[in-house]
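Novice: Chains A and B, in that order, are what the protein sequence lines are.
The first sequence runs contiguously to residue 197 in the numbering used here.
The second sequence runs contiguously to residue 197 in the numbering used here.
Don't be surprised by glycine CBs; every beta carbon is placed ideally from N, CA and C.
Owing to the predicted nature of the structure, the values given are computational and were not obtained by experimental measurement.
Protein chains: 2
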Amino acid sequence: MARTSGSHSDITGPRLRDAAQRLFAQHGYAAVSMRQIAAEVGVQAGALYNYIPDKQGLLFNLMKAHLDDLLAAWQAEPKGETPLEALESFTRFHIRFHLDRPDAVFIAYMELRNLEPANFAVIEGLRKRYETVLEDILRAGKDAGVFTLPDTKLATLAVIAMLTGVTTWYRDTGRLSRDRVERIYWNMVRKAVGA
Amino acid sequence: MARTSGSHSDITGPRLRDAAQRLFAQHGYAAVSMRQIAAEVGVQAGALYNYIPDKQGLLFNLMKAHLDDLLAAWQAEPKGETPLEALESFTRFHIRFHLDRPDAVFIAYMELRNLEPANFAVIEGLRKRYETVLEDILRAGKDAGVFTLPDTKLATLAVIAMLTGVTTWYRDTGRLSRDRVERIYWNMVRKAVGA
DNA sequence: TGGTTATATGAACGGGCGTTCATTTCAATC
DNA sequence: GATTGAAATGAACGCCCGTTCATATAACCA
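1. Can you check which of these residues, A:Gly176, A:Leu101, A:Ile13 and A:Met36, is closest to Leu60 (chain A) by C-alpha distance?
2. By alpha-carbon positions, which one of A:Arg94, A:His100 and A:Tyr51 ends up nearest to Trp171 (chain A)?
3. Between which two residues does the alpha helix (DSSP H) carrying Gln234 (chain B) extend?
4. Looking at chain A, is there any beta carbon in it that lies within less than 8 angstroms of the beta carbon of Asn121 (chain B)?
5. For Tyr132 (chain B) versus Leu73 (chain B), is the C-beta distance shorter than 8 angstroms?
6. Which residues in the same chain as Lys155 (chain A) place their Cβ atom closer than 8 angstroms to its Cβ, once the five residues preceding and following it in sequence are excluded?
7. Can you name the start and end residues of the alpha helix (DSSP H) that Glu87 (chain A) belongs to?
8. Between the segment 145 to 158 of chain A and chain B, which residues of the former have a C-beta closer than 9 angstroms to a C-beta of the latter?
9. So, helix, strand or coil for Tyr132 (chain B), using DSSP?
10. Assuming Val34 (chain A) is part of the alpha helix (DSSP H), what are its boundary residues?
11. Go through its chain and collect everything with a Cβ distance to Arg94 (chain A)'s Cβ below 6 angstroms, but skip five positions before and after it.
12. Within 8 angstroms (strictly less), CB to CB, does Ala22 (chain B) reach chain A?
13. Verify the CB distance criterion: does Gly176 (chain A) have a CB-CB separation below 8 angstroms to chain B?
14. Please list, in chain order, the chain B residues whose beta carbon lies closer than 9 angstroms to that of Gly30 (chain A).
15. Residues of chain B with CB closer than 7 angstroms to the CB of Ile109 (chain A), please, in chain order.
16. With DSSP run on the structure shown, which of helix, strand or coil describes Tyr51 (chain A)?
17. Residues in the same chain with beta-carbon distance under 7 angstroms from Asn52 (chain A), minus the five sequence neighbours each way, listed in chain order, please.
18. Going along chain B, which residues have a C-beta under 9 angstroms from Gln167 (chain A)?
19. CB Leu128 (chain B) to CB Leu140 (chain B), shorter than 8 angstroms?
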């Protein structure tokens, strides 16, 4: 034991965020203490405050980093030419990205109510920007007469809920591969939008 | 102030559950203290223990009551004759039931990780029983050649996720009536299952 | 090699936690 | 009107919380 002092800044920082992400996802923000996180990192609780302003700031940083990642990754994604291609691209991207980060996803959806109002507004804005990505695809498809949608806004929310739901049951050791899951969901999404 | 003592058993019990449900939904189980609940009820914290074994038991009772309600309500629902009618019935029922109980729904989905293992097993069992209701409908429709499903199990999970997602955005003061929402989602569900 | 600085310790702060229990209060019964 | 018992009080229990800070240490740079 007894990690002695010295300079481990570049190690402790990431380890802190990793531990916090894992513990918050498992037990919930309010149920995890700074001392638990510190123990996981192998450090005393006081040392954490060299890296974060406070517990709330830690949660906010984790959520913001996740959503920034999400939006940046979509920017870097090949999006296809037609609305149908774009929707397939989005569907597969969303599933893949979310399955790769189960803890971050869990926190982003479950801990919104533990954000202070100012922090919540920032996160909510990023979430809406991502929602708009899908909404724009669906509207373009509807305008082009490729999709049949009773309500574009509701279809957006319905598709995202359906896709994000994958994270609640998917296990790497399960019956289906990721690619198979992507395919099955794409099949259902395509039919749901009438294409 | 100062609610004095006396016999309020039949009043305090329900009020305790109401307050706990509201507060747990708003702030999360771990973030709400017994003293906050007691204050909401208008009583000292110690008095709550005349009605519940402990905080964990309170959470468990709330979740169990919700799922018992859900299964009982479905039993009492007219289910239609054909798989298509049954699916419409289920879709509308699920949306209606969940929109009527936003707090209970929120707790049932968010606080699973705060249940002790034994309690979790009970709740999980009830949740799976409800899932099976939809799975049976989908399988019947698939066997009858009415539904086209790439994977019955995944379709079950996808549809439930999609429908339950309504609770995250629906507001009574919003653009659409409940009936309109039911209709729009039924349209999307029907198409998603290829009927 | 010695001084500087980043990084950690560990104790302390005030306060809130879930739960228990002796005691008090009051409505209902005889 | 006295007795009874359910239902509440309010203080106390030991414990953990997030955060701060004086102090110690080890790596880096002159």
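Specialist: So, from the listed chains and residues:
1. A:Met36
2. A:His100
3. There is simply no residue 234 (chain B) to check, as chain B begins at 3 and stops at 197 in what is shown.
4. no
5. yes
6. Glu137
7. Pro85 to Asp102
8. Thr150, Leu151, Pro152, Asp153, Lys155, Leu156 and Ala157
9. helix
10. Val34 (chain A) -> no alpha helix (DSSP H), and no H or E assigned at all.
11. Glu184
12. no
13. no
14. Gly30, Tyr31, Ala32, Ala33, Met112, Glu113, Arg115 and Asn116
15. What Ile109 (chain A) touches in chain B: nothing, since even the nearest Cβ is about 12 angstroms away.
16. helix
17. none
18. Here residue 167 (chain A) turns out to be Gly, not Gln, going by the sequence shown. Correct list: Leu159, Ala160, Ile162, Ala163, Met164, Thr166 and Gly167.
19. no
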